[in-house]
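Peer 1:
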Amino acid sequence: MKKKSSFLQQFWKQKKMVGAMAPSSRFLANLMMKNIDFTKADVIVELGPGTGVFTKRILEKMHPNAVILVFELNDEFFYSLTHIFKDPRVHLIHDSAEKIEHYLTKLNLSQADIVVSSLPLAVFPPQLRDAVLDASYKSLRVNGNYVQFQYSLTSKKHIKRVFEKVSIDFTPFNFPPAFVYTCSKEN
Ligand SMILES: C[S@@+](CC[C@H](N)C(=O)[O-])C[C@H]1O[C@@H](n2cnc3c(N)ncnc32)[C@H](O)[C@@H]1O
Numbered sequence: 000m001k002k003k004s005s006f007l008q009q010f011w012k013q014k015k016m017v018g019a020m021a022p023s024s025r026f027l028a029n030l031m032m033k034n035i036d037f038t039k040a041d042v043i044v045e046l047g048p049g050t051g052v053f054t055k056r057i058l059e060k061m062h063p064n065a066v067i068l069v070f071e072l073n074d075e076f077f078y079s080l081t082h083i084f085k086d087p088r089v090h091l092i093h094d095s096a097e098k099i100e101h102y103l104t105k106l107n108l109s110q111a112d113i114v115v116s117s118l119p120l121a122v123f124p125p126q127l128r129d130a131v132l133d134a135s136y137k138s139l140r141v142n143g144n145y146v147q148f149q150y151s152l153t154s155k156k157h158i159k160r161v162f163e164k165v166s167i168d169f170t171p172f173n174f175p176p177a178f179v180y181t182c183s184k185e186n
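Be aware that the sequence shown starts at 0, since it is given in numbering that gives the first Met the number 0, and climbs by one per residue.
Rendered as structure tokens:
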């Protein structure tokens, strides 16, 4: 799968699902990873990996006994990911992101330490956006982190409704430039 052209193809096919015309840059990947303490992360959840730019970074950083549950709804991306990621720590899930808890239970895992999300919340129907945010919060342990990028601050109020602590970073070195929300579950 040629990454940039196939990404654009998937965007034209399913604009609101894919939500971007190109994979994220390494600058955005660095910013997404910046506040994650991988030494304390046994269970990581990734929502919307696309071609796997963040998945690769996470795998380089996560410890040997950690696991990652990767949710991708798009058929082409999912199929391609099954060829790229053979690491036994990776559980690829071809289902929608709001079903985190169902899959944690299926794998005998009680909670997640980190949720990394690339979902295009700003173009999601409100019901799906809120379901994903609520499911992410519920799945996290206390002091766990939810890290989400967005191309605008439109979703700020919705993220703040759910997470007690939210900080925002920005990088101009991405197409389009992006904001990164790092959120904590405090209670
Ligand atoms: C903006 S792209 C990000 C892709 C990649 N992480 C990156 O940064 O280059 C959003 C991704 O979320 C996926 N997606 C959209 N809705 C989803 C859902 N409900 N559940 C799981 N994945 C979803 C899309 O198929 C797409 O791969």
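Glycine included, each C-beta is placed from N, C-alpha and C at the ideal position. Note that this is a predicted model, so its numbers are computed, not measured.
#1: Residues bridged to residue 147 by DSSP?
#2: What do you reckon, are the CB atoms on residue 40 and residue 86 nearer than 7 Å?
#3: Do residue 185 and ligand 1 come close, with the Cβ less than 6 Å from some heavy atom?
#4: What's the call for residue 126, buried or exposed, on a 16-neighbour Cβ count within 10 Å?
#5: Identify the continuous beta strand (DSSP E) that holds residue 90 and give its terminal residues.
#6: If you measure from the CB of residue 16, is any heavy atom of ligand 1 nearer than 6 Å?
#7: Closer than 7 Å by C-beta to residue 73: which residues in its own chain qualify, once you throw out the five before and the five after it? Chain order, please.
#8: With 16 as the cutoff for other CB atoms within 10 Å, does residue 175 come out buried or exposed?
#9: Return helix, strand or coil for residue 23, following the three-state DSSP convention.
#10: For residue 83, tell me which candidate among 99, 26, 55 has the shortest Cα-Cα distance.
#11: Return yes when at least one heavy atom of ligand 1 lies under 6 Å from the C-beta of residue 71, else no.
#12: Would residue 170 pass as a contact of residue 53 if the rule is Cβ separation under 7 Å?
#13: Nearest to residue 141 by alpha carbon, out of 183, 121, 59?
#14: By the 10 Å Cβ neighbour count, where 16 or more other Cβ atoms means buried, how is residue 163 classified, buried or exposed?
#15: Quick check on residue 111: does DSSP put it in helix, strand or coil?
#16: What do you reckon, is the C-beta of residue 53 under 6 Å from a heavy atom of ligand 1?
#17: Put residue 154 into one of helix, strand or coil per three-state DSSP.
#18: Residues in the same chain with beta-carbon distance under 8 Å from residue 186, minus the five sequence neighbours each way, listed in chain order, please.
#19: Look at the alpha carbon of residue 44 and the alpha carbon of residue 69, and state the distance between them as a whole number of angstroms.
#20: Assess contact between the segment 137-152 and the segment 27-38, defined as three or more Cβ pairs (one per stretch) separated by less than 8 Å. Is contact present?
Peer 2: The short version:
#1: Here the question's residue 147 lines up with position 148 in the sequence shown. Residue 147 pairs with 116, 180.
#2: The residue you call residue 40 lines up with position 41 of the sequence shown. The residue you call residue 86 lines up with position 87 of the sequence shown. For residue 40 and residue 86, no; Cβs fall outside 7 Å.
#3: If you number the sequence shown from 1, residue 185 lands on position 186. Answer for residue 185: no, Cβ out of range of ligand 1.
#4: Here residue 126 corresponds to residue number 127 of the sequence shown, with the count starting at 1. Classification for residue 126: exposed.
#5: In the sequence shown, residue 90 corresponds to position 91, counting from 1. Per DSSP, residue 90 belongs to the beta strand (DSSP E) from 89-92.
#6: As a working note, residue 16 is residue 17 in the sequence shown. Indeed, a heavy atom of ligand 1 lies less than 6 Å from the Cβ.
#7: Here the question's residue 73 lines up with position 74 in the sequence shown. 9, 13, 16, 17.
#8: Counting from one through the sequence shown, the residue named residue 175 turns up at place 176. Residue 175 is exposed by the Cβ-count criterion.
#9: Your numbering for residue 23 matches position 24 in the sequence shown. DSSP places residue 23 in coil when its eight states are reduced to three.
#10: For this step, residue 83 is matched to residue 84 along the sequence shown. Nearest of 99, 26, 55 to residue 83, Cα basis: 55.
#11: Here residue 71 corresponds to residue number 72 of the sequence shown, with the count starting at 1. Yes.
#12: Sequence index remark: in the sequence shown, residue 170 carries index 171 (1-based). Sequence index remark: in the sequence shown, residue 53 carries index 54 (1-based). Cβ atoms of residue 170 and residue 53: not closer than 7 Å.
#13: Counting from 1 along the sequence shown, the entry for residue 141 is found at position 142. Answer by Cα proximity: 183.
#14: Position 164 of the sequence shown, counting from 1, holds the residue named residue 163. When all chains shown are included, residue 163 counts as exposed.
#15: In the sequence shown, counting from the first residue as 1, residue 111 sits at position 112. Under the three-state reduction of DSSP, residue 111 is assigned to strand.
#16: In the sequence shown, residue 53 corresponds to position 54, counting from 1. Look at residue 53: its beta carbon is less than 6 Å from one of the heavy atoms in ligand 1.
#17: Here the question's residue 154 lines up with position 155 in the sequence shown. Of the three classes helix, strand and coil, the one that applies to residue 154 here is coil, per DSSP.
#18: Counted from its first residue, the sequence shown places residue 186 at position 187. Closer than 8 Å at the Cβ level, and outside the excluded window around residue 186, lie 141, 163.
#19: Within the sequence shown, residue 44 is the residue found at index 45, counting from 1. Within the sequence shown, residue 69 is the residue found at index 70, counting from 1. The alpha-carbon atoms of residue 44 and residue 69 are separated by roughly 6 Å.
#20: yes
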